[in-house]
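The sequence shown: position 152 = 312 (the numbering used here), numbered continuously.
As structure tokens, the structure follows; a few thoughts come after it.
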Amino acid sequence: MTSTLESSASAVGPLAPAFLDSTAHRVVTGDRPTGPLHLGHYIGTLANRVRLQNLGVPVTVIIADYQVITDRADTGPLRERVRTLIAEYLAAGIDPDRSTIFVHSGVPALNQLMLPFLSLVTDAELHRNPTVKAESLASRRSLSALLLTYPVHQAADIIGMRGDLVPVGRDQLPHIELARMIARRFNDRYGQIFAEPQALLTSTPSVLGIDGAKMSKTRGNTILLGATADETAALIRSARTDSLRHITFDPHSRPQVANLLSIVGGLSGRDPALVAEQVGDGGAAALKTLAAEVINESLRDLRDRRAELLADPSYLDGVLLDGTSRAMAVAGDTLNQARRAMGMDYLS
Ligand code: TRP
């Protein structure tokens with residue numbers, strides 16, 4: 161079996177009967193609480209999580225607070241960021257009764273699982289991890305031992321929560337490979353108890369920010385889910401395009417124009433090339449007007465609901481408490497099985 165399943169956001173439906181026997185799978189995903197979510201998250205992952213949940217697959221979303229300290233000393237306003245993430249998940253359609261939202265720091269069993277997992281990888285393997293290398297360079301600090309080993313922690317997340325499908329961006333693929341390797345090595349050493357998780361890759365291209373580079377918090381080029389309609393329109397108006405008047409869909413030679421067309425297409429379920437034909441001689445100005453309208457229209461309910469939820473922090477805290485206690489049960493159970501397999505179950 162291959163380790164990677166390709167699916168575009170819209171292909172998740174049609175692919176479902178082939179491999180998404182909803183009772184047979186568990187999806188595990190996560191985000192670091194380093195800031196609010198943006199349109200790139202929505203199109204790239206969030207909408208997909210909701211679709212999977214609505215297909216009946218149990219979805220677990222980890223708020224990876226311990227991963228915040230992999231590359232920075234200042235954690236920022238964590239409590240507020242965690243609440244905002246929960247509000248954004250729920251506003252996007254994650255249903256706390258069907259899905260589980262929890263924080264790393266609330267589930268010690270995952271850390272305990274990391275310990276035997278660390279014995280299954282070499283330091284050379286960790287140093288080779290391209291994501292670790294890239295993040296280490298980007299943070300401009302020397303590599304912390306946690307940054308070096310967080311892929312093992314993430315493997316503990318996935319395996320500990322019994323995830324077998326992990327919807328991630330391409331940058332996270334080395335982590336999924338590592339999780340598979342850890343599961344395999346554990347099984348070889350102590351007996352077959354873990355499934356090898358698979359990555360569920362979205363084929364949606366990454367969303368570009370208003371400066372034409374990949375949309376990301378650190379670049380400050382995002383359109384936040386929480387932005388107002390006016391802020392969104394102003395940001396889209398300021399987005400870089402090119403000097404050709406006639407609009408065409410050409411991702412290679414016209415990436416910024418193609419990005420706006422893909423956003424419109426992705427959010428409205430239309431082919432970006434047809435959107436380009438429709439805009440045609442209207443040029444970049446008409447394309448931007450259309451993009452702002454489509455984004456604002458698509459996010460309107462989400463934004464209303466987000467604001468309502470943020471006004472009720474005790475509800476959000478309750479959702480987290482409930483999700484975290486469910487996660488503790490699952491991870492604790494996995495840890496007990498691992499201990500038993502290792503012959504370390506004297507206390508139970
Ligand atoms: N490292 C992931 C990110 O930065 C977040 C994450 C933490 C995660 N634990 C996970 C993703 C488990 C998938 C599965 O996006």
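By construction, the Cβ of each residue, glycine as well, lies at the ideal position given by its N, Cα and C atoms.
(request) Can you tell me which of Leu368, Thr194, Val221 and Glu337 puts its alpha carbon nearest to the alpha carbon of Val479? (result) It is Val221.
(message) Applying the 10 Å Cβ sphere with the 16-neighbour rule, what's the burial state of Leu495?
(response) With 16 or more Cβ atoms within 10 Å of its Cβ, Leu495 is classed as buried.
(request) With a 10 Å radius around its C-beta and 16 neighbouring C-beta atoms as the bar for buried, classify Asp472 as buried or exposed. (result) It counts as exposed.
(message) For Gln358 and Gly190, what's the separation of their Cα atoms in angstroms?
(response) CA-to-CA, the gap between Gln358 and Gly190 works out to about 15 Å.
(message) With a threshold of 8 Å on Cβ separation, who are the neighbours of Val228 within its own chain once the five nearest residues in sequence on each side are excluded?
(response) Closer than 8 Å at the Cβ level, and outside the excluded window around Val228, lie Arg192, Pro193, Thr194, Thr235, Gly236 and Leu238.
(message) Suppose you measure from the CA of Arg466 to the CA of Thr205; what does that come to, to the nearest Å?
(response) Approximately 18 Å between the Cα atoms of the pair.
(request) Please report the Cβ distance between Leu307 and Val292, rounded to the nearest whole angstrom; I am assuming they are in contact, meaning their Cβ atoms lie under 8 Å. (result) A Cβ-Cβ separation of about 6 Å places Leu307 in contact with Val292 under the 8 Å criterion.
(message) I'd like the span of the alpha helix (DSSP H) that includes Pro311, first residue to last.
(response) Counting along the chain, the unbroken alpha helix (DSSP H) around Pro311 starts and ends at Ala305 to Gly320.
(request) Would you decide whether Met502 is buried or exposed? Buried here means 16 or more other CB atoms lie within 10 Å of its CB. (result) The residue in question, Met502, is exposed, as its Cβ has fewer than 16 Cβ neighbours within 10 Å.
(request) Within its chain, find whatever has a CB closer than 8 Å to the CB of Asn214; leave out the 5 residues flanking it on each side and keep chain order. (result) Excluding positions up to five away in sequence, the list reads Gly253.
(message) For the pair the region 395-412 and the region 430-448, tell me if three or more CB-CB distances fall below 8 Å.
(response) The answer is yes - the region 430-448 touches the region 395-412, with three or more Cβ pairs under 8 Å.
(request) Reducing DSSP to helix, strand and coil, say where Ile353 ends up. (result) It is coil, neither helix nor strand.
(message) Given this structure, state the Cα-to-Cα distance separating Glu295 from Pro411, to the nearest angstrom.
(response) Roughly 27 Å separates the two Cα atoms.
(request) Say whether the region 361-373 touches the region 386-400, bearing in mind that this needs 3 or more beta-carbon pairs closer than 8 Å, one atom from each stretch. (result) With a cut-off of 8 Å on Cβ pairs, the region 361-373 is in contact with the region 386-400, counting three or more such pairs.
(request) Starting from Pro327, follow the beta strand (DSSP E) in both directions and report where the run begins and ends. (result) Leu325 to Val328 is the extent of the beta strand (DSSP E) around Pro327.
(message) Taking 7 Å as the cut-off, is the C-beta of Gly204 nearer than that to any heavy atom in the ligand TRP?
(response) Taking 7 Å as the cut-off, one finds no heavy atom of the ligand TRP near enough to the beta carbon of Gly204.
(request) With a 10 Å radius around its C-beta and 16 neighbouring C-beta atoms as the bar for buried, classify Tyr506 as buried or exposed. (result) By the 10 Å Cβ count, Tyr506 comes out exposed.
(message) Taking the beta carbon of Ala233 as the centre, do at least 16 other beta carbons fall within 10 Å, making it buried, or is it exposed?
(response) It counts as exposed.
(message) Shorter than 7 Å, the distance from the beta carbon of Val367 to the closest heavy atom of the ligand TRP, or not?
(response) No, the Cβ of Val367 stays beyond 7 Å of every heavy atom of the ligand TRP.
(message) For Asn347 and Met321, I'd like the C-alpha separation in whole angstroms.
(response) Near 17 Å, if we compare the C-alpha coordinates of Met321 and Asn347.
(message) For a cutoff of 8 Å on Cβ pairs, would you count Ala467 as touching chain B?
(response) This model lacks chain B altogether; it includes just one protein chain.
(request) Assign Ser380 to buried or exposed, taking buried as 16 or more other Cβ atoms, counted over all protein chains shown, within 10 Å of its Cβ. (result) It should be noted that the sequence gives Gly, not Ser, for residue 380. The residue in question, Gly380, is exposed, as its Cβ has fewer than 16 Cβ neighbours within 10 Å.
(message) Helix, strand or coil for His185? Go by DSSP, reduced to three states.
(response) Coil at His185, not helix or strand.
(message) One question on the structure: do Pro327 and Pro290 come within less than 8 Å of each other, judged by their Cβ atoms?
(response) No, these two residues do not count as a Cβ contact at 8 Å.
(message) Just checking Gly440 against the ligand SAH - is the residue's beta carbon closer than 7 Å to any of the ligand's heavy atoms?
(response) Absence of the ligand SAH is noted for the structure shown, with the ligand TRP being the only ligands found.
(message) Do Glu356 and Arg345 have their beta-carbon atoms positioned less than 8 Å apart in this structure?
(response) Not closer than 8 Å, so no.
(message) If you reduce the DSSP assignment to three classes, tell me which class Val221 lands in.
(response) DSSP places Val221 in the strand class (E or B) of the three-state scheme.
(message) Here's the rule: buried if 16 or more other CB atoms are within 10 angstroms of the residue's CB, otherwise exposed. What is Ala489?
(response) An exposed status is given to Ala489, since fewer than 16 other beta-carbon atoms sit within 10 Å of its beta-carbon.
(request) Tell me whether Asp191 counts as near the ligand TRP, meaning its Cβ is closer than 7 Å to at least one heavy atom of that ligand. (result) Asp191: yes, Cβ under 7 Å from the ligand TRP.
(message) Quick check: is any heavy atom of the ligand TRP less than 7 Å from the C-beta of Gln213?
(response) Result no, Cβ not under 7 Å from the ligand TRP.
(request) Using 10 angstroms around the beta-carbon of Thr244, count the other beta-carbons present and answer buried if the total reaches 16, otherwise exposed. (result) Thr244 comes out buried.
(request) Could you tell me which of Ala305, His198, Val219 and Asn208 sits nearest to Ala184, measuring between CA atoms? (result) Across the set Ala305, His198, Val219 and Asn208, the C-alpha of Val219 shows the shortest separation from the C-alpha of Ala184.
(request) Return the CA-CA distance between Phe354 and Ile319, expressed in angstroms with no decimal places. (result) A straight line joining the alpha-carbon of Phe354 with that of Ile319 spans about 7 Å.
(message) Tell me the rounded alpha-carbon separation between Val454 and Gln497.
(response) Spanning the two alpha carbons is a distance of roughly 49 Å.
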